[in-house]
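Beneath this line is the structure, given in structure tokens, with notes to follow.
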Amino acid sequence: MSTTTQEVIIVGAGLSGIGTAYHLQQKHPGKPYTILEARDALGGTWDLFRYPGIRSDSDMFTFGYRFRPWQNPQSLSAGGDILTYLRETAEENGIDRHIRYGHKVMAADWSSADKRWTVTVDQGGKTLHLRSRFLYLCTGYYNYEEAHRPTFAGEEDFGGAIVHPQFWSDDVDCTDRRVVVIGSGATAVTLVPALATRAAHVTMLQRSPTYVMTLSNRNRIYELLQGRIPDRWAYRLTRWANLTLGMTLYSLSQLFPGRMRQLLMKGIAAQVGPDVDVNEHFNPTYNPWDQRLCLVPDGDLFHALREKRATVVTDHIDRFTPSGIRLQSGQELPADLVVVATGLQLKLLGGATLSLDGVPVSPDETMIYKGTLVSGVPNLALAFGYTNASWTLKTDLTAAYFCQLLKHMDKHGYTTFVPRPEADVEARPFLDLSAGYIRRSAHLLPSQGSRRPWRVYQNYLLDALMTRYGRVGDGVLEFG
9 MSTTTQEVII VGAGLSGIGT AYHLQQKHPG KPYTILEARD ALGGTWDLFR
59 YPGIRSDSDM FTFGYRFRPW QNPQSLSAGG DILTYLRETA EENGIDRHIR
109 YGHKVMAADW SSADKRWTVT VDQGGKTLHL RSRFLYLCTG YYNYEEAHRP
159 TFAGEEDFGG AIVHPQFWSD DVDCTDRRVV VIGSGATAVT LVPALATRAA
209 HVTMLQRSPT YVMTLSNRNR IYELLQGRIP DRWAYRLTRW ANLTLGMTLY
259 SLSQLFPGRM RQLLMKGIAA QVGPDVDVNE HFNPTYNPWD QRLCLVPDGD
309 LFHALREKRA TVVTDHIDRF TPSGIRLQSG QELPADLVVV ATGLQLKLLG
359 GATLSLDGVP VSPDETMIYK GTLVSGVPNL ALAFGYTNAS WTLKTDLTAA
409 YFCQLLKHMD KHGYTTFVPR PEADVEARPF LDLSAGYIRR SAHLLPSQGS
459 RRPWRVYQNY LLDALMTRYG RVGDGVLEFG
């Protein structure tokens, strides 16, 4: 067992961790930092997920970092390209030299006497204790070891294979096989057209529909600007155009849900052809953007349905049979391979436990300040991106704010910060989407407040104003 001291510890070497490290070393080059990564490679989600067709579900001109242009005209890019982008970002900026792989954070305890975090790490069975002034958690929000996997009656009778996409491996073969994909979210709508290129047939089996919209996979704005102006400006202008379009689409969905529903369904009907019942299979019971809108590049899902390489079925499962799945309607879907794209399992802080002077901290009893700091917890920041836009838009803002906060502390000689909610701030749910993975784990999440700086706006412009231009010493943060 050993103990070493750091200035800043970042937990997680995925999209958020690499971006946070960049901001930190640019704004505070004299502050040493370490990134602790539980796995043996950087990239987080983009190194973990290997299922066919894996790609971004946000456009890359807002999903990419603000400080490093994405130079591929593809808007929804393949997971391998995103992983290469992350590796190159880390290598070009020397961030990879700060990563300790195979270091799984198990616990972190704050000492009021020492004004330090003690981070307990499992390194291949060996226990390490690392100390730091600041702790920045970039662990994402879902469980890498366990997915949401409901069980179905009769699974033991099924003669084929059953796989969850989170644990896809190279030995899963769909060539000339009948495949059923259970689910209708972003993973399912990615898998179906990808599998349909090799399988005998693919059926997307859903209990209820999801809103799906086509996005051109060639960004015409970027293609027009590329080569005519410097790449950095081409990227920035494309980024702002896509950001504005995304915020407009979200706002219109909130203001005119009925009209947006009609437009989305009309667009689908024009692509899938007359043989697909759009009202049955693509008309959800909720309003647009009450759950995340699924994007499909160049309508690949709709083309697979129109060409009858894939089918969509809306029904409930009765049980598995030796040769497939029997539905409650009595219909039986023949299958050689079943892919259960049934969702994520939330897991905050990467499974680590937090405590203050040995007293455990329950995240659900805390409130989030400016979308990143945790009420009552000193010198801790949390990276949590947008649910209605690209994840990176938010984590770039919060990383920049954290650096601004450190500058303020250095200037005034402070060593600690802790946010304290005012008495009149009402607690509200942290995330307002009705997605299943959020509903299942809402009781585990911290809350947001009824007004700023405790309000989580899910709006880039409002968050940018609050984090970039709001006063650091606002009377809410308590410095020591």
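Take the sequence shown: its letter number 375 is residue 383 in the working numbering, and every next letter is one higher. Glycine included, C-beta positions come from ideal geometry on N, C-alpha and C. In this text the structure is predicted, and so the values were computed from the model without any measurement.
Check: Which partner residues does LYS112 have in the DSSP bridge list?
Finding: Locating residue 112 in the sequence shown gives position 104, counting from the first residue. Under DSSP, the beta-bridge partners assigned to LYS112 are ASP130.
Margin query: Determine whether the beta carbon atoms of LEU301 and MET221 lie at a separation below 8 Å.
Written below: Counting from one through the sequence shown, the residue named residue 301 turns up at place 293. Counting from one through the sequence shown, the residue named residue 221 turns up at place 213. Result yes, Cβ atoms of LEU301 and MET221 sit closer than 8 Å.
Notebook entry, point to check: For the alpha helix (DSSP H) that THR423 lies in, which residues bound it at each end?
Noted result: On the sequence shown, residue 423 is found 415 positions in, with the first residue counted as 1. Looking at the DSSP string, THR423 is not in any alpha helix (DSSP H), and its letter there is neither H nor E.
Note to self: Checking 8 Å against the spacing of the C-beta atoms, do THR395 and PRO454 come in under that value?
What the structure shows: As a first step, residue 395 is located in the sequence shown; it is residue number 387 there, counting from the start. As a first step, residue 454 is located in the sequence shown; it is residue number 446 there, counting from the start. Not closer than 8 Å, so no.
Check: Can you give the beta carbon distance from SER458 to ARG428, rounded, assuming they're within the 8 Å contact cut?
Finding: Numbered from its first residue, the sequence shown carries residue 458 at position 450. Numbered from its first residue, the sequence shown carries residue 428 at position 420. About 16 Å separates the two Cβ atoms, so there is no contact after all.
Check: Can you tell which of LEU413, LEU473, SER383, ALA472 has the C-alpha that lies nearest to the C-alpha of ALA431?
Finding: As a working note, residue 431 is residue 423 in the sequence shown. Across the set LEU413, LEU473, SER383, ALA472, the C-alpha of SER383 shows the shortest separation from the C-alpha of ALA431.
Checklist line | Burial state of VAL19, where buried means 16 or more other Cβ atoms lie within 10 Å | finding: Counting from 1 along the sequence shown, the entry for residue 19 is found at position 11. With 16 or more Cβ atoms within 10 Å of its Cβ, VAL19 is classed as buried.
Check: In three-state DSSP terms, what is VAL286?
Finding: Taking the first residue of the sequence shown as position 1, residue 286 is located at position 278. Helix at VAL286.
Check: Can you round the beta-carbon distance between TYR41 and LEU32 to whole angstroms, since I take them to be within the 8 Å contact cut?
Finding: Residue numbering aside, residue 41 sits at position 33 when the sequence shown is read from its first letter. Residue numbering aside, residue 32 sits at position 24 when the sequence shown is read from its first letter. Taking a contact as a CB-CB distance under 8 Å, the pair TYR41 and LEU32 counts as one, their CB atoms being some 6 Å apart.
Check: So, are the CB atoms of SER331 and TRP297 less than 8 Å apart?
Finding: The sequence position of residue 331 within the sequence shown is 323, counting from 1. The sequence position of residue 297 within the sequence shown is 289, counting from 1. Contact: no.
Checklist line | Status (buried if at least 16 other CB within 10 Å, exposed otherwise) for MET9 | finding: What you label residue 9 is simply residue 1 of the sequence shown in a count that begins at 1. Bear in mind that a pLDDT of 40 at MET9, under 50, signals an unreliable position, so the number given afterwards is only what the model happens to contain. With fewer than 16 other Cβ atoms within 10 Å, it is exposed.
Notebook entry, point to check: Between the beta-carbon of PRO305 and the beta-carbon of ALA202, is there less than 8 Å?
Noted result: Here the question's residue 305 lines up with position 297 in the sequence shown. Here the question's residue 202 lines up with position 194 in the sequence shown. Going by beta carbons, PRO305 and ALA202 fall outside the 8 Å limit.
Note to self: Buried or exposed for GLU99, going by 16 or more other Cβ atoms inside 10 Å?
What the structure shows: Within the sequence shown, numbered from 1, the residue matching residue 99 stands at position 91. Counting the other CB atoms within 10 Å of its CB gives GLU99 a total below 16, which places it among the exposed residues.
Notebook entry, point to check: Is the beta carbon of ARG141 sitting closer than 8 Å to the one on ASN387?
Noted result: Counted from its first residue, the sequence shown places residue 141 at position 133. Counted from its first residue, the sequence shown places residue 387 at position 379. Against a cut-off of 8 Å, the Cβ pair of ASN387 and ARG141 comes out as a contact.
Next item on the list: For the beta strand (DSSP E) holding THR6, just list the boundary residues, first then last.
Entry: There is no way to answer for residue 6, as the model of the chain reaches only from 9 to 488.
Notebook entry, point to check: Would you say VAL347 and VAL189 are within 8 Å of each other, going by their C-beta atoms?
Noted result: The residue you call residue 347 lines up with position 339 of the sequence shown. The residue you call residue 189 lines up with position 181 of the sequence shown. The answer is yes: Cβ separation under 8 Å.
Check: Do GLY148 and GLY52 have their C-beta atoms within less than 8 Å of each other?
Finding: Here the question's residue 148 lines up with position 140 in the sequence shown. Here the question's residue 52 lines up with position 44 in the sequence shown. Result yes, Cβ atoms of GLY148 and GLY52 sit closer than 8 Å.
Check: Which residue comes first and which comes last in the beta strand (DSSP E) that contains GLY332?
Finding: Within the sequence shown, numbered from 1, the residue matching residue 332 stands at position 324. It spans 332-335 - the beta strand (DSSP E) in which GLY332 sits, taken as one unbroken run.
Check: On the premise that ALA21 lies in contact with GLU45, defined as a C-beta separation below 8 Å, what is that separation, rounded to the nearest angstrom?
Finding: Here residue 45 refers to the residue found at position 37 of the sequence shown. Here residue 21 refers to the residue found at position 13 of the sequence shown. Indeed, because the Cβ distance is near 4 Å, the residues count as touching under 8 Å.
Check: So ILE103 packs on ILE26, CB below 8 Å; how close in whole Å?
Finding: Taking the first residue of the sequence shown as 1, we reach residue 103 at position 95. Taking the first residue of the sequence shown as 1, we reach residue 26 at position 18. Their Cβ separation, rounded to whole angstroms, is 6 Å, which keeps ILE103 and ILE26 in contact under 8 Å.
Note to self: Taking the alpha-carbon of ALA407 as reference, which of VAL433, ALA161, LYS35, ARG236 has the nearest alpha-carbon?
What the structure shows: Looking up residue 407 in the sequence shown gives position 399. Ranking the options by Cα distance to ALA407, first place goes to LYS35.
Item checked: 8 Å Cβ cutoff met for LYS355 and TYR144 -> If you number the sequence shown from 1, residue 355 lands on position 347. If you number the sequence shown from 1, residue 144 lands on position 136. Result no, Cβ atoms of LYS355 and TYR144 do not sit closer than 8 Å.
Check: Could you give the distance in angstroms between the alpha-carbon of MET255 and the alpha-carbon of LEU470?
Finding: If you number the sequence shown from 1, residue 255 lands on position 247. If you number the sequence shown from 1, residue 470 lands on position 462. So the two alpha carbons sit approximately 11 Å from each other.
Next item on the list: Could you tell me how far apart the beta carbons of VAL385 and LEU414 are, in whole angstroms, since I believe they sit closer than 8 Å?
Entry: Numbered from 1 along the sequence shown, position 377 holds the residue referred to as residue 385. Numbered from 1 along the sequence shown, position 406 holds the residue referred to as residue 414. Going by Cβ atoms, the distance from VAL385 to LEU414 rounds to 16 Å, so no, they are not a contact pair.
Item checked: CB-CB length for PHE438 against VAL464, believed under 8 Å -> Translated into positions along the sequence shown, residue 438 becomes position 430. Translated into positions along the sequence shown, residue 464 becomes position 456. Confirmed, Cβ separation roughly 6 Å.
Notebook entry, point to check: How would you label PRO77, buried or exposed, when you count the other beta carbons within 10 angstroms and need 16 or more for buried?
Noted result: Within the sequence shown, numbered from 1, the residue matching residue 77 stands at position 69. Buried is the call here.
Check: Near ARG317, what residues of its chain come up, given a Cβ to Cβ distance below 6 Å and the 5 sequence neighbours on each side ignored?
Finding: Along the sequence shown, read from residue 1 onward, the residue named residue 317 stands at position 309. In the same chain as ARG317, and ignoring 5 residues on each side of it, the C-beta atoms closer than 6 Å to its own belong to ALA204, in chain order.
Notebook entry, point to check: Taking the C-alpha atoms as reference points, what is the distance between ASP122 and LEU138?
Noted result: What you label residue 122 is simply residue 114 of the sequence shown in a count that begins at 1. What you label residue 138 is simply residue 130 of the sequence shown in a count that begins at 1. Approximately 13 Å between the Cα atoms of the pair.
Next item on the list: Identify whether ASP55 lies in helix, strand or coil by the three-state DSSP scheme.
Entry: On the sequence shown, residue 55 is found 47 positions in, with the first residue counted as 1. Looking at ASP55 - three-state DSSP - the assignment turns out to be helix.
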